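A.B. asks: Attaching a single structure in structure tokens format; questions to follow.
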């Protein structure tokens, strides 16, 4: 995994069509998590603003920005976990390596404890795609600010199970 600290100071050549910007409590801790544990690299940053544009080799892009508590981008009360009601799904090519890296950085996997049935994490799941099923491995983790992240790797397709 990349240490995320290499930075050419230039925005990505291929901007994603959707690139969320997450407000974070501690910019350095968040950048460390997203780069060192989640495998993103800093594509572009404005250190004086505590802002970074991050990307993974597969093309996922996300921005993180230090909260300034001035209400500029905060449309309501923000309390931990900051990501209430949203989950970000990120497709990856090397699920096992990412899983081990997340554990090595001491992050706790999300257990879905609020549900009646605990979430198996990580998991392999097959979903109906109409005339076939598509399979994926999925891993759920919270970033330091409480944003729920699902990393997913496609594992193939198969005929519908009867």
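In our numbering, the protein residues as written are -1 to 160.
Backbone N, C-alpha and C fix where the C-beta goes; we use that ideal spot for every residue, glycine too.
Just so it is clear, the structure is predicted and the values come from calculations on it, not from any experiment.
(1) Name the two residues that bound the continuous alpha helix (DSSP H) containing residue 50.
(2) Could you tell me the distance, in whole angstroms, from the CA atom of residue 67 to the CA atom of residue 74?
(3) Going residue by residue through the region 64 to 106, where are the continuous beta strand (DSSP E) segments of at least 3 residues, counting only ones entirely within it?
(4) For residue 120, which three-state DSSP category applies?
(5) Would you kindly work out how many angstroms separate the C-alpha atoms of residue 91 and residue 53, rounded to a whole number?
(6) Mind checking residue 78: buried by the 16 CB within 10 Å criterion, or exposed?
(7) Between the C-alpha atoms of residue 123 and residue 135, what's the straight-line distance to the nearest angstrom?
(8) For residue 142, which residues in the same chain have their Cβ closer than 8 Å to its Cβ, ignoring the five residues on either side in sequence?
(9) For residue 0, which residues in the same chain have their Cβ closer than 6 Å to its Cβ, ignoring the five residues on either side in sequence?
(10) Would you kindly check if the distance between the Cβ of residue 137 and the Cβ of residue 157 is under 8 Å?
(11) Kindly give me the distance between the Cβ atoms of residue 35 and residue 43, rounded to whole angstroms, as I take these residues to be in contact under 8 Å.
(12) From this set, 14, 130, 131 and 132, which residue's C-alpha is nearest residue 60's C-alpha?
C.D. replies: In short:
(1) Note, residue 50: premise wrong, no alpha helix (DSSP H); beta strand (DSSP E) at 49 to 53.
(2) The alpha-carbon atoms of residue 67 and residue 74 are separated by roughly 11 Å.
(3) 85 to 89
(4) coil
(5) 14 Å
(6) exposed
(7) 6 Å
(8) 22, 23, 24, 27, 28 and 31
(9) Summary for residue 0: the model assigns pLDDT 43, below 50, so the residue's position carries little reliability; its value from the coordinates is reported in the next sentence. These residues qualify, in order along the chain: 39.
(10) no
(11) Between residue 43 and residue 35 the Cβ distance is about 18 Å, and since that is not below 8 Å, they are no contact.
(12) 14
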